[in-house]
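Down below is the structure, laid out as structure tokens.
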Amino acid sequence: MTWHERAAGAVVGSAVGDALGAPFEFGPAGAFSARFPGCGAGGEMCGGGGWDPGEATDDTQMAVLVAESLVEHGGLDLPDVFARFQRWAVSEPKDIGLQTEDVLTNGLPWDAAAAEHFRVNARAAGNGALMRAATSAVRFARDGRRATMDAARRIAALTHGDRAAWEGTAVFHELVRRALHGGDPLAALPGVLDLVHPGHRERYATVLAPDWHPGLATEFNGAVWPCLGSAVWALRTTGGYEEAVRAAIDLGGDTDTVAAVTGGLAGARYGVGAIPVRWTGPLHIPLPGSGGRVLRLPDLLDLTHRLVTTRGG
706 MTWHERAAGA
716 VVGSAVGDAL
726 GAPFEFGPAG
736 AFSARFPGCG
746 AGGEMCGGGG
756 WDPGEATDDT
766 QMAVLVAESL
776 VEHGGLDLPD
786 VFARFQRWAV
796 SEPKDIGLQT
806 EDVLTNGLPW
816 DAAAAEHFRV
826 NARAAGNGAL
836 MRAATSAVRF
846 ARDGRRATMD
856 AARRIAALTH
866 GDRAAWEGTA
876 VFHELVRRAL
886 HGGDPLAALP
896 GVLDLVHPGH
906 RERYATVLAP
916 DWHPGLATEF
926 NGAVWPCLGS
936 AVWALRTTGG
946 YEEAVRAAID
956 LGGDTDTVAA
966 VTGGLAGARY
976 GVGAIPVRWT
986 GPLHIPLPGS
996 GGRVLRLPDL
1006 LDLTHRLVTT
1016 RGG
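Residue numbers 706 to 1018, in my numbering, belong to the letters of the sequence shown in order.
Dropping the structure here:
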């Protein structure tokens, strides 16, 4: 399998997981399999809960905004990414996290808005930075472990002042990097944890341990560490892309984001060819604030190609 096939798997896989999970958000565990009891049966891109069949949510919309900034600037331009987020946030997206909305609309500059939100609220460890990380993980995967984890932290910090959110996003970046290089991302976990900030290492070691499962979670999976832990659990306990994403959605709760994170990891591991065509066909990503653009599979594939071939100076 080629690098490009794995990279496309990560980007498309995350978007597909997002769109599949969206109609089941905040629903009970097992709802997806109760409605679609067998793999390969069809009809799973069903829509509902305000989402059209195949429609991706804010998770993928923000990932696309990050990707387009990276491509157009040939690298990471944090003020530009933040400005794109701001334009999107005021364009009435169907869904936007309360914390993210506050950070993007509080009138503070890009390098102060999230920190001020955290100072005032003393909590900002949601999964809203992790959910959008597939495209940046692909872009920085050739730059080495420390560089990709550093980029993840810097992008996460645009909207999340709590370092817990930075560290979870950094771990995801590194797991995707390992998968793109053809390695087993799960085998990389001990080494990755060594690079997690000491203040958060124990928490991540717990949820990423081989014997952890979502039933042991002490917080809702809208928090970054159980979200990442659930995605790794889904990857660890299944044998393919479809099975992993189904397992993630069946956990209930924040299904679109857990499935987006799972889909990014599973797509990187198994490649874009493992994602069912019946899921990629209806996939579409509206982009509020971008002149009514709607991206579909060919657009995502082109964006991924540009991510892995455009390098800055």
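Backbone N, C-alpha and C define an ideal beta-carbon position, used for all residues, glycine too.
Exercise. Quick one: what's residue 999 bridged to in DSSP?
Worked result: The sequence position of residue 999 within the sequence shown is 294, counting from 1. Residue 999 pairs with 991.
For this session: Measure the C-alpha to C-alpha separation of residue 1007 and residue 904 and round it to an integer number of angstroms.
Result: Locating residue 1007 in the sequence shown gives position 302, where the first residue counts as 1. Locating residue 904 in the sequence shown gives position 199, where the first residue counts as 1. Straight-line Cα distance between these residues: approximately 39 Å.
Problem set entry | Sub-8 Å separation of residue 809 and residue 790 beta-carbons | Locating residue 809 in the sequence shown gives position 104, counting from the first residue. Locating residue 790 in the sequence shown gives position 85, counting from the first residue. Less than 8 Å divides the Cβ of residue 809 from the Cβ of residue 790.
Problem set entry | Supposed close pair residue 1009, residue 746 - CB separation, criterion 8 Å | Position 304 of the sequence shown, counting from 1, holds the residue named residue 1009. Position 41 of the sequence shown, counting from 1, holds the residue named residue 746. Contact doesn't hold; Cβ gap of about 28 Å is too wide.
For this session: Classify residue 921 as buried or exposed, calling it buried when 16 or more other Cβ atoms lie within 10 Å of its own Cβ.
Result: Taking the first residue of the sequence shown as position 1, residue 921 is located at position 216. Residue 921 is exposed by the Cβ-count criterion.
For this session: Just the C-alpha distance for residue 1015 and residue 776, rounded to the nearest angstrom, thanks.
Result: The sequence position of residue 1015 within the sequence shown is 310, counting from 1. The sequence position of residue 776 within the sequence shown is 71, counting from 1. Cα to Cα, the separation comes out at about 6 Å.
Exercise. Counting Cβ pairs closer than 8 Å, one from the segment 766–773 and one from the segment 837–844, do we hit at least three?
Worked result: yes
Exercise. Residue ranges of each alpha helix (DSSP H) run of no fewer than 4 residues wholly in the segment 757–791, ordered along the chain?
Worked result: 763–778
Problem set entry | Bridge partners - residue 1030, DSSP secondary structure assignment | The structure shown does not extend to residue 1030, since the chain spans only 706 to 1018, so no value can be given for it.
For this session: May I have the straight-line CA-CA distance separating residue 848 from residue 1011, to the nearest angstrom?
Result: The residue given as residue 848 occupies position 143 in the sequence shown. The residue given as residue 1011 occupies position 306 in the sequence shown. Taking the straight line from one Cα to the other gives about 16 Å.
For this session: Would you please state the rounded distance, in angstroms, between the beta carbons of residue 1019 and residue 805? I believe it to be under 8 Å.
Result: The shown model of the chain, from 706 to 1018, leaves out residue 1019, and the question about it has no answer.
Problem set entry | Per-residue burial, residue 983 [other beta carbons within 10 Å of its own, 16 or more giving buried] | Sequence index remark: in the sequence shown, residue 983 carries index 278 (1-based). Per the 10 Å Cβ criterion, exposed.
For this session: Out of 755, 952, 707 and 784, state which residue places its alpha-carbon closest to the alpha-carbon of residue 932.
Result: Stepping through the sequence shown from its first residue, residue 932 is reached at position 227. Considering only alpha carbons, the answer is 952.
Exercise. Taking Cβ positions, are residue 966 and residue 835 nearer each other than 8 Å?
Worked result: Taking the sequence shown and counting its residues from 1, the one referred to as residue 966 is at position 261. Taking the sequence shown and counting its residues from 1, the one referred to as residue 835 is at position 130. Contact: yes.
For this session: Decide if the segment 893–911 is in contact with the segment 987–997; the criterion is three or more beta carbon pairs, one per stretch, under 8 Å apart.
Result: no
For this session: Determine the DSSP secondary structure at residue 839, reduced to helix, strand or coil.
Result: Counted from its first residue, the sequence shown places residue 839 at position 134. Three-state DSSP puts residue 839 in a helix.
Problem set entry | alpha helix (DSSP H) segments (min. 4 residues) lying fully within the segment 902–987 | 903–912, 929–941, 946–954, 960–975 and 982–985
Exercise. Skipping 5 residues on each side, what residues in its chain have a beta carbon closer than 7 Å to that of residue 879?
Worked result: Taking the first residue of the sequence shown as 1, we reach residue 879 at position 174. The beta carbon of residue 879 sits closer than 7 Å to those of 850, 853, 854, 893 and 897, all from its chain and outside the five residues before and after it, given in chain order.
Exercise. Tell me the DSSP bridge mates of residue 735?
Worked result: In the sequence shown, residue 735 corresponds to position 30, counting from 1. Beta-bridge pairing links residue 735 to no other residue.
Exercise. If you draw a straight line from the C-alpha of residue 732 to the C-alpha of residue 718, how long is it?
Worked result: As a first step, residue 732 is located in the sequence shown; it is residue number 27 there, counting from the start. As a first step, residue 718 is located in the sequence shown; it is residue number 13 there, counting from the start. C-alpha of residue 732 to C-alpha of residue 718: approximately 22 Å in a straight line.
Problem set entry | Burial state of residue 1017 (16 or more Cβ within 10 Å) | In the sequence shown, the residue the question calls residue 1017 occupies position 312. Residue placement at residue 1017 is poorly supported in this model, since its pLDDT is 49, which falls under 50; the coordinates are not used for a value here.
Exercise. For residue 999, does the count of other Cβ atoms within 10 angstroms reach 16, so buried, or fall short, so exposed?
Worked result: Your numbering for residue 999 matches position 294 in the sequence shown. Result: exposed.
Exercise. From 938, 889, 888 and 890, pick the residue whose C-alpha is nearest to that of residue 912; which is it?
Worked result: For the purposes of this step, residue 912 is taken as the residue at position 207 of the sequence shown. For the residues 938, 889, 888 and 890, the minimum Cα distance to residue 912 belongs to 938.
For this session: Determine the closest residue to residue 928 out of 734, 985, 869 and 957, with distance taken between C-alpha atoms.
Result: The count along the sequence shown starts at 1 and reaches residue 928 at position 223. Closest option to residue 928, Cα to Cα, is 869.
Problem set entry | Which of helix, strand or coil DSSP assigns to residue 718 | Counting from one through the sequence shown, the residue named residue 718 turns up at place 13. In the three-state scheme derived from DSSP, where H, G and I count as helix and E and B as strand, residue 718 is classed as helix.
Problem set entry | 8 Å contact criterion, which residue 969 and residue 794 should meet: CB distance rounded | By 1-based counting over the sequence shown, the position of residue 969 is 264. By 1-based counting over the sequence shown, the position of residue 794 is 89. Rounded, the Cβ-Cβ distance is 23 Å, inconsistent with contact.
For this session: Excluding the 5 residues preceding and the 5 following residue 759 in the sequence, name in chain order all residues of the same chain whose CB lies nearer than 7 Å to its CB.
Result: Indexing the sequence shown from 1 puts residue 759 at position 54. The answer, listed in chain order, is 724, 750, 987, 988 and 989.
Exercise. Is residue 717 near the ligand SAH, judged by its Cβ being under 7 Å from some heavy atom?
Worked result: The ligand SAH is not among the ligands present in this structure, which contains no ligands whatsoever.
Exercise. Taking the alpha-carbon positions, what's the residue 785 to residue 875 distance?
Worked result: For this step, residue 785 is matched to residue 80 along the sequence shown. For this step, residue 875 is matched to residue 170 along the sequence shown. Their Cα atoms are separated by approximately 20 Å.
Exercise. For residue 831, which three-state DSSP category applies?
Worked result: Here residue 831 refers to the residue found at position 126 of the sequence shown. Looking at residue 831 - three-state DSSP - the assignment turns out to be strand.
Exercise. Near residue 882, what residues of its chain come up, given a Cβ to Cβ distance below 6 Å and the 5 sequence neighbours on each side ignored?
Worked result: Locating residue 882 in the sequence shown gives position 177, where the first residue counts as 1. Only 846 and 853 meet the Cβ criterion.
Exercise. Would a C-beta distance cut-off of 8 Å place residue 936 and residue 943 closer than the cut-off?
Worked result: Position 231 of the sequence shown, counting from 1, holds the residue named residue 936. Position 238 of the sequence shown, counting from 1, holds the residue named residue 943. No, these two residues do not count as a Cβ contact at 8 Å.
Problem set entry | Inter-residue CB distance, residue 954 and residue 726 (contact presumed, cutoff 8 Å) | Walking along the sequence shown from the start, residue 954 turns up at place 249. Walking along the sequence shown from the start, residue 726 turns up at place 21. So it is a contact: roughly 5 Å between Cβ atoms.
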